[in-house]
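Below is one structure, written out as structure tokens, with a few remarks after it.
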Amino acid sequence: MLVYKAFWIFTFAVLISFQGGWAQPVRPSGEDTLTIAFTGDILLDRGVRQQIESHGIESLFDKKSDSVFRCSDIVVGNLECPATALRTPMMKKFVFRAEPEWLEALHLHGFTHLNLANNHSVDQGRRGLVDTWHNVERYGMTAVGVGNTMAEAAQPVLLAEHPRRVWLIASLQMPLEHFPYLPEAPSVNQESIDSMLVRIRALREEDSTAVILVSLHWGQEHTLEPTLMQRSAAHRIIDAGADALICHHTHTLQTIEQYRGKYIYYSLGNFIFDQDRDINRRTCVPQVKVTQDSVVVTDNFFLM
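When we follow the numbering used here, the leftmost residue of the sequence shown carries the number 888, and every step to the right adds one.
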């Protein structure tokens, strides 16, 4: 049976009173509880670039979202642009690029991992992708969904070992414009759903107590509900052994579903972006709280 959460029963916090961050995030979780927060799309170009250049990068952050990150041990965001000084733009409709030093602010506000398995990480070509990966690490974070080969990019990332192992699989589930498929070259993960199911089953068989989280970049932009094909794929992923799906790309907050007691976030919506239509402003920052014997998900809703 499917259970859908109604968006309107939650109070939305408004991310408009821009305030500064902190130098060192506070990590309150004890050894017996691990808290992992996820955000949707983060753009640091176009209108957001203008905001940064006019008001500083601290203007992108708010005390309310900062408080969620402060109460999290791990924060995973979807970086929807290369962060590189290289200017090697791809031939595509929308091409983004952020200044690499802007990544420092993400780290100072609590981000620990940035997902690169999306359709804009390659906007500055393969060299720009690799440079972004290195810049993420340079500023103290871990890049996920990227590798020196496609096989490496598809490998699950170990987020934590205590209180039990937590794995994250990040994958792009859409074609890339004018970006040749070269599995032996640096790439983002474009592993098929069928291949991912095999990987999830193997992880589950190897460690029955592990927590397996899946983050997909997929869906139809500016829509509020997933497609039937997405629903089918999401259910298959849960059936294979995943504990939650936490996804993005549509720039909207889509359906949140419970299936067999597991949460599916079809799209979290924008977290930092320059789209100001009402449909694009709602976002969710779920927190996954892991103990030795439970996985509890808490929702935090905002208007950006």
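Beta carbons: idealized from backbone N, C-alpha and C, even for Gly.
Let's test the definition: count the other Cβ atoms within 10 Å of the Cβ of H1049 and tell me whether it reaches 16, buried, or not, exposed.
exposed
Going by the CB atoms, is the gap between M1116 and N1157 shorter than 8 Å?
no
4 or more residues per run - each alpha helix (DSSP H) lying fully within the stretch 1088-1158
1115-1127
On the DSSP bridge assignment, give the partners of I929 in chain order.
Partner(s): L966 and I1159.
So what does S1181 bridge to, in DSSP terms?
Paired residue(s): none; S1181 is not in a bridge.
Is G1032 helix, strand or coil when you go by DSSP?
It is coil, neither helix nor strand.
Would you mind sorting Q911 into buried or exposed? The rule is 16 or more other CB atoms within 10 Å of its CB.
The predicted model places Q911 with a pLDDT of 38, which falls under 50 and marks its position as unreliable; any figure quoted below should be read in that light. Looking at its Cβ environment, which holds fewer than 16 other Cβ atoms inside 10 Å, Q911 is exposed.
Using CA atoms only, rank isn't needed, just tell me which of L1045, F983 and P969 is closest to D1018.
P969
Using the DSSP secondary-structure output, state which residues sit across from F1188 in a beta bridge.
C1171
Quick one: grab the DSSP three-state call for L889.
Per-residue confidence for L889 stands at a pLDDT of 35, beneath the threshold of 50, marking its modelled position as unreliable; no derived number is given.
Would you call the stretch 1073-1081 and the stretch 1027-1040 touching, i.e. three or more CB-CB distances under 8 Å?
yes
What does the alpha-carbon distance come out to for the pair E1024 and G1148?
35 Å
Could you give the distance in angstroms between the alpha-carbon of I1124 and the alpha-carbon of I1087?
8 Å
Taking 8 Å as the threshold, find out whether the stretch 1094-1104 comes into contact with the stretch 932-951 through three or more Cβ pairs.
no
Where T1178 and A1030 are concerned, what is the direct C-alpha to C-alpha distance, given to the nearest angstrom?
25 Å
Please report the distance separating the alpha-carbon of S952 from that of A1004.
23 Å
Could you check which residue in Q1145, W1105, D1126 and E940 has the C-alpha nearest to that of N1006?
W1105
Option nearest G997 by Cα separation, candidates R1013, D949, D1130 and E1064:
D949
May I ask you to report which of helix, strand or coil DSSP gives T1019?
helix
Between L966 and N1002, which are expected to be in contact by the criterion C-beta below 8 Å, what is the C-beta distance as a whole number of angstroms?
7 Å
On a CA-only basis, which of R1051, A1041 and R1052 is nearest L1059? Give me that one, please.
A1041
Quick check: what's the CA-CA separation for I923 versus R957?
11 Å
Please classify P1070: is it buried, with 16 or more other beta-carbons within 10 angstroms of its beta-carbon, or exposed?
exposed
Under a three-way DSSP split, which group does H942 fall into?
helix
C-alpha distance - R936 paired with S946, whole-angstrom precision
Approximately 11 Å between the Cα atoms of the pair.
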